[in-house]
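Numbered per the numbering used here, the sequence shown spans residues 423 to 562.
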Amino acid sequence: MKYDADRVAKLSSEIYKALDDLVEISGIPKADFLQKRHIIAGAKYYFIVAIEASIDLSNHLISQNNFPIPESYADSFRILKDEGALSQELTLKLMDMARFRNRLVHIYWDVDDEMIYEILNQDINDIRTFLKAYLEFLKK
423 MKYDADRVAK LSSEIYKALD DLVEISGIPK ADFLQKRHII AGAKYYFIVA
473 IEASIDLSNH LISQNNFPIP ESYADSFRIL KDEGALSQEL TLKLMDMARF
523 RNRLVHIYWD VDDEMIYEIL NQDINDIRTF LKAYLEFLKK
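Printed below as a string of C-alpha cells:
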C-alpha cells in the first residue's frame, strides 16, 4: 500500500483535534447549544474539518494506489470499501457524512441546528471508526 506517512499523520491529527472539540461541544445541553450561535458555528466548522480531512485521506490513498477515480466526495468512501478498507455499513454512514459536509459548505443557510446537535450526539463516532479502519488498512 503506497501512501505519504507525513500527510496521513497530519490529516489524522486534524481529525483527532476536530473530534475532540466536537466531543466537548456535544456535552453542552441541547437548549444551551441551540441558543449559542458561536457554539453552533464552532460545531459546523469542526464537522467540516473532520469530514474534509477524512475525504482527503481517502483521496490520498486512492491517488497513491491508482484506485478508480471517485465521482464525488461520497464516492471516495465507496471506493475504499471496494478496495477492502471499509465495511458496507460504515461506508453508507460516511457517504451520508460527505453529503452533510456538502450541505454545511454549499447550503449553509438551510442546515437545521437541531440536526447538527443530533449528528453531534449520535454519529460523531463514525469518523473515529473510519480513521481506525483506514489506519488498519494501511498496515496491510
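For glycine and all other residues, C-beta sits at the position ideal for the given N, C-alpha and C.
**Request:** Identify the continuous alpha helix (DSSP H) that holds A431 and give its terminal residues.
**Result:** 427 to 448
**Request:** Pick helix, strand or coil for G464, following the three-state DSSP scheme.
**Result:** helix
**Item:** Other residues of its chain near I484: CB distance less than 8 Å, five sequence neighbours each side excluded
**Value:** P490, I491, P492, S498, I501, L502
**Item:** Limits of the unbroken alpha helix (DSSP H) element including F522
**Value:** 510 to 528
**Asked** Which first and last residues belong to the alpha helix (DSSP H) in which N543 is found?
**Response** 535 to 544
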